[in-house]
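Just below is one structure, and these are the notes that go with it.
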Amino acid sequence: MAKASLYKYVLALGDDALILGQRLSQWAYKGPFLEEDIALSNISLDMFGRANLLLEYAATLKGNGTTSDELAFKRNEREFSNHIICEQPNGNFADT
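In terms of the numbering used here, the sequence shown is residues 11 to 106.
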């Protein structure tokens, strides 16, 4: 039972990182200064790397030959367990 709980927790962390990476990448070339664009793009790449690491670990915990790509891209929206705040619209850059 502890392995199933760990799998759900790691999967949720991976989902958060994946969605945050996607949201941050939407800011590319929309910031007021070049430095902010570069910084947000780099943070987005870091979040994708974190998501990859966590989803690989979740795939290892799940077994069955599941891969991190299957967990990231072959689930429907109801199977994701990220926090809702991660998927909120970006809005205006000045509001962030």
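Note that the Cβ used here is the ideal one computed from N, Cα and C, for glycine as well.
All values derive from a computational prediction rather than experimental measurement.
Taking only the alpha-carbon atoms, compute the straight-line gap between residue i and residue j and give it to the nearest angstrom.
i: Phe83; j: Asp25; result: 11 Å
i: Val20; j: Ala49; result: 26 Å
i: Leu16; j: Lys40; result: 38 Å
i: Gln98; j: Arg85; result: 20 Å
i: Lys18; j: Leu64; result: 11 Å
i: Ala38; j: Glu46; result: 9 Å
i: Phe103; j: Gly59; result: 24 Å
i: Glu87; j: Gly101; result: 22 Å
i: Ile95; j: Ile29; result: 10 Å
Classify residue i: buried if its beta carbon has 16 or more other beta carbons within 10 angstroms, exposed otherwise.
i: Ala69; result: buried
i: Ala14; result: exposed
i: Leu44; result: exposed
i: Ala61; result: buried
i: Ala27; result: buried
Between which residues of its own chain and residue i is the CB-CB distance below 6 Å, once the five residues before and five after are set aside?
i: Tyr67; result: Val20
For residue i, collect the residues of the same chain with a Cβ closer than 7 Å to its Cβ; drop the 5 residues on either side in sequence, then sort them by chain order.
i: Pro42; result: Phe103
i: Met57; result: Ala27, Leu30, Gly31, Leu34
The alpha helix (DSSP H) spanning residue i covers which residue range?
i: Lys13; result: 12-35
Does the structure place the region 52-60 close enough to the region 30-37 that three or more beta carbon pairs sit under 8 Å? Contact between the region 30-37 and the region 52-60 is present, because at least three Cβ pairs lie under 8 Å.
For the region 70-80 against the region 88-96, are there 3 or more C-beta pairs whose distance is under 8 Å? Fewer than three pairs of CB atoms, one per stretch, sit closer than 8 Å, so the region 70-80 makes no contact with the region 88-96.
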